[in-house]
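These notes are about the structure you will find just below.
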Amino acid sequence: QKERFDLSSPEVQAWLLQVITLSRSQQTLNVSTDKTSWIELFASFADEVGIGFPVPSHLFVGYLNLLKTQSAAFRALIETELGTTSPGLAGEFLFASVTLQADVLVSEDSLSGNALESWTNFVGLVNMETPPGVPDVHAQSDAFLNAYRSEQTITSTITTWFVANGVCLAIILFFTQNITLSLFVMVTICFIFLCLLGLLFAVFTIPFGYVEAIGVSIFIGLSANYSLQWCTPTTAPRIPIGNTRSSTRCLSPEVPLRAVPFRRLEGVRFYWRAGRGCLWNWGL
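To convert, count from 1 in the sequence shown and add 1; that's our numbering.
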């Protein structure tokens, strides 16, 4: 923890041991009993020497140093899990951590995500009952890295998707000056996007990663082009032939095929601006 707190307080000692005992009783956490934490070793040592646990505040550091000299395993644990302002457990406590061993497959994103969710819920319950002066507890593990990456990738992609679709809607509305057509295009994009997600996640069970995020971003632009290309022949026959070319140019200045009215082949006209816009769009 970044904030200073009094780990030597008997109340904090008892609370920390209670948290470890509670974590071992939670079946969803899958905490192994093979690895013993330093607070459990210290509690057993205090009971063995007759001082009892929790240890009085003025004797806490002394008994920690005594157990360090007697147990190499305990010494290795507290060297990395306890931090003070001065060497040798002297001064004020800066942080305290407890290492537990849980059964989680690091290679499986779904299992890592389930473990992260379980530990996050457990830590939330623990933080609701922390003693006064004790900062919030956080769960950290290398097994959570895949879950962290997937969660951040999905969150950033969803945010980008909404922003990109909002900008896309504004651009389509600006050029078409038609609210109904713009909404129709956006609804079509959403349906296509949902179908793509269904194929990726439900049918092919492909995990969502950075490549998929880039593909989704590119797919938004392709969906807009596809939807506008179909909107052009749908709306063109309802426009007088004199206004067909101008309306088509307004609807789709990027793709040359959009300048082809579906039912009025006599109005076929390819614009060099459309080709340049198409190459520019694909280049982006």
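Glycine is no exception: its CB is placed at the ideal position from the N, C-alpha and C atoms.
Keep in mind it's a predicted model, so treat the numbers as computed, not measured.
When you compare the CB positions of residue 151 and residue 29, do they come within less than 8 Å of one another, or not? Translated into the one-based positions of the sequence shown, residue 151 becomes position 150. Translated into the one-based positions of the sequence shown, residue 29 becomes position 28. Contact flag unset, no.
Which partner residues of residue 131 appear in the DSSP bridge assignment? As a position in the sequence shown, residue 131 is number 130, starting the count at 1. BP columns for residue 131 are empty, so no partner.
Buried or exposed for residue 55, going by 16 or more other Cβ atoms inside 10 Å? Translated into positions along the sequence shown, residue 55 becomes position 54. With 16 or more Cβ atoms within 10 Å of its Cβ, residue 55 is classed as buried.
Would you mind reading off the limits of the beta strand (DSSP E) that contains residue 87? Reading the sequence shown from its first residue, position 86 is the one you call residue 87. Start and end: 83-87.
Taking the runs of the alpha helix (DSSP H) that are 4 residues or longer, which of them lie wholly in the segment 40-79? 58-71
Buried or exposed, going by whether 16 or more other CB atoms sit within 10 Å of the CB of residue 260? Residue numbering aside, residue 260 sits at position 259 when the sequence shown is read from its first letter. Interpretation of residue 260 is limited by its pLDDT of 41, a score under 50 that renders its predicted location unreliable; the figure taken from the coordinates is listed afterwards. With 16 or more Cβ atoms within 10 Å of its Cβ, residue 260 is classed as buried.
Inter-stretch contact (C-beta, 8 Å, three-pair minimum) for the segment 34-43 and the segment 70-80: yes
Expressed to the nearest angstrom, what Euclidean distance is found between the alpha-carbon atoms of residue 19 and residue 91? Looking up residue 19 in the sequence shown gives position 18. Looking up residue 91 in the sequence shown gives position 90. Cα-Cα distance, rounded: 25 Å.
Look up residue 99 in the DSSP assignment and give the residues it is bridged to. The residue labelled residue 99 in the question sits at position 98 within the sequence shown. The partner list for residue 99 (beta bridge, DSSP) is empty, contrary to what the question assumes.
Leaving aside the five residues before and after residue 286 along the sequence, list all residues of the same chain whose C-beta is less than 7 Å from its C-beta, in chain order. Missing from the structure shown is residue 286; the chain here goes from 2 to 285 and no further.
Any idea if residue 1 is buried or exposed, counting beta-carbon neighbours within 10 angstroms, 16 or more meaning buried? As displayed, the chain neither begins before 2 nor continues past 285, which places residue 1 out of reach and without an answer.
Range of the contiguous alpha helix (DSSP H) that encloses residue 204: Position 203 of the sequence shown, counted from the first residue, corresponds to residue 204. That residue, residue 204, is in no alpha helix (DSSP H); it is neither H nor E in DSSP.
Near residue 7, which residues of its chain fall below 6 Å by C-beta distance, leaving aside the five closest residues on each side in sequence? Within the sequence shown, numbered from 1, the residue matching residue 7 stands at position 6. No residues qualify anywhere along the chain.
To test your reading of the DSSP string, which unbroken beta strand (DSSP E) runs of 3 or more residues are found completely within the segment 134-168? Every candidate beta strand (DSSP E) stretch fails here, since none sits fully inside the segment 134-168 while reaching 3 residues.
Using a 10 Å radius around the Cβ and a threshold of 16 neighbouring Cβ atoms, would you call residue 70 buried or exposed? Walking along the sequence shown from the start, residue 70 turns up at place 69. Under this definition residue 70 is an exposed residue.
Just tell me which of 82, 50, 58 has its CA closest to the CA of residue 67. Position 66 of the sequence shown, counted from the start, is the residue given in the question as residue 67. Nearest C-alpha to residue 67: 50.
Is it buried or exposed, residue 169, if we count other Cβ atoms within 10 angstroms and call 16 or more buried? If you number the sequence shown from 1, residue 169 lands on position 168. Label assigned to residue 169: buried.
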